[in-house]
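S.K.: The opening position of the sequence shown corresponds to residue 2 in our numbering, with each subsequent residue numbered one higher. For each residue, glycine too, the CB sits at the ideal point set by N, CA and C.
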Amino acid sequence: MSVSLPTRGPVRLEGVRGLVCDVDGVVHAGDRVFDSAVESLNAWMHGGLRVVFLTNNASRGPEELAARLQQDGVRMTPDQVITGAMAGSHVLARTVDPGTRVLVAGSAALDRAVRDQGLEVTSDPIEAGAVVQGYAPTVTLQLLHDAAHAVSRGATWVATNRDAGLPTAWGVAPGNGAYVDAVARATGREPLVAGKPETGSYTLALERLGLTAGEVAGIGDRLETDVLGANRAGLRSVLVATGVHGWPEVERAAGEGASEKVPDHVVDDLSQLTFG
């Protein structure tokens, strides 16, 4: 059964005091910066709107991502950032026993986040009691082999996210989900997923904002992560059509009755959003 289509175009969100905002595909795509997003975010924050940047991307730490956003022109600080590496290491530390050795199939930022949780990192798939997998452009086929080896031996497996694609300036590249799927198919197992659309990452974001779900809107460019996650967490959901998904995908989701993947609002860019 189909569901109703959301509003499309300029919209005023009443009663919203904070935002959980995605980064890739919303603020920038690769080296391409969306000027309307930068201008809108700066104006909103100057006006008192609280903003947390919640990204599934685990390739950078909060300081690195904040530096990139500042370079884009966004006036913000690292304490406004929650990354996939932070969410993944948070879930991992609450799942495994202290002293568990972890194979990190991801970036240096993910490695640091795991160590910051007090866990020991190993490169040996035989001694690894856990695997955490996150996107990094430097992930090799050998590292995927090692991750699959450890997972097949029974290691706890956490994925920072399952985003299949990653927006870039020239198109969509394979994201962490593509690499996670390779390990899943090889081993016949499924990971614990830490990032969007899981509610744990939104709980972290709401704690950082100091607001309730009803006071917050979630903005992103993906139906299966940003919109689904915001809807599950009880936030107002906004799809911005500057990244992976747009109106055709929304129409398809609504026609298929996938109500959790249908946003409350669809905008062409962030300049079409105002708050009251």
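#1: Does the segment 15-24 come into contact with the segment 216-227, if we say contact requires no fewer than three beta-carbon pairs (one atom in each stretch) closer than 8 Å?
#2: Taking only three categories from DSSP, how would you classify residue 25?
#3: Report, in whole angstroms, the separation of the C-beta atoms of residue 129 and residue 123, which I expect to be a contact under 8 Å.
#4: Starting from residue 198 and walking both ways along the alpha helix (DSSP H), at which residues does that stretch end?
#5: Just checking my contact of residue 85 with residue 161 at CB under 8 Å: how many whole Å lie between their CB atoms?
#6: For residue 60, which of helix, strand or coil comes out of DSSP?
#7: Skipping 5 residues on each side, what residues in its chain have a beta carbon closer than 6 Å to that of residue 167?
#8: Got a sec? Which residues, its chain only, sit under 6 Å from residue 234 by beta carbon, not counting five neighbours each side?
#9: In terms of residues, what are the limits of the beta strand (DSSP E) holding residue 163?
#10: Residues in its own chain within less than 7 Å of residue 2 by CB, not counting five upstream and five downstream?
#11: Do residue 148 and residue 106 have their beta-carbon atoms positioned less than 8 Å apart in this structure?
#12: Going by the DSSP bridge assignment, what does residue 47 pair with across the sheet?
#13: Assign residue 164 to one of two classes, buried (16 or more other C-beta atoms within 10 Å of its C-beta) or exposed (fewer than that).
#14: Take residue 151 and list the residues in its own chain whose beta-carbon comes closer than 6 Å to its own, dropping the five residues that flank it on each side.
#15: What first and last residue would you give for the beta strand (DSSP E) that runs through residue 132?
#16: Given this structure, state the Cα-to-Cα distance separating residue 139 from residue 229, to the nearest angstrom.
#17: The alpha helix (DSSP H) with residue 84 in it runs from where to where?
#18: Starting from residue 188, trace the alpha helix (DSSP H) both ways and give me its first and last residue.
#19: Could you name the residues that DSSP lists as bridge partners for residue 168?
M.R.: So, to answer that:
#1: yes
#2: strand
#3: 5 Å
#4: Unbroken run through residue 198: none, as it is neither H nor E.
#5: 4 Å
#6: coil
#7: 174 and 176
#8: 200, 203 and 214
#9: Neither: residue 163 is in no beta strand (DSSP E) and is coded neither H nor E.
#10: 258
#11: yes
#12: Per DSSP, none; premise fails for residue 47.
#13: buried
#14: 104, 126, 129 and 132
#15: 131-134
#16: 29 Å
#17: From DSSP, residue 84 is part of no alpha helix (DSSP H); its letter is neither H nor E.
#18: 177-188
#19: 173
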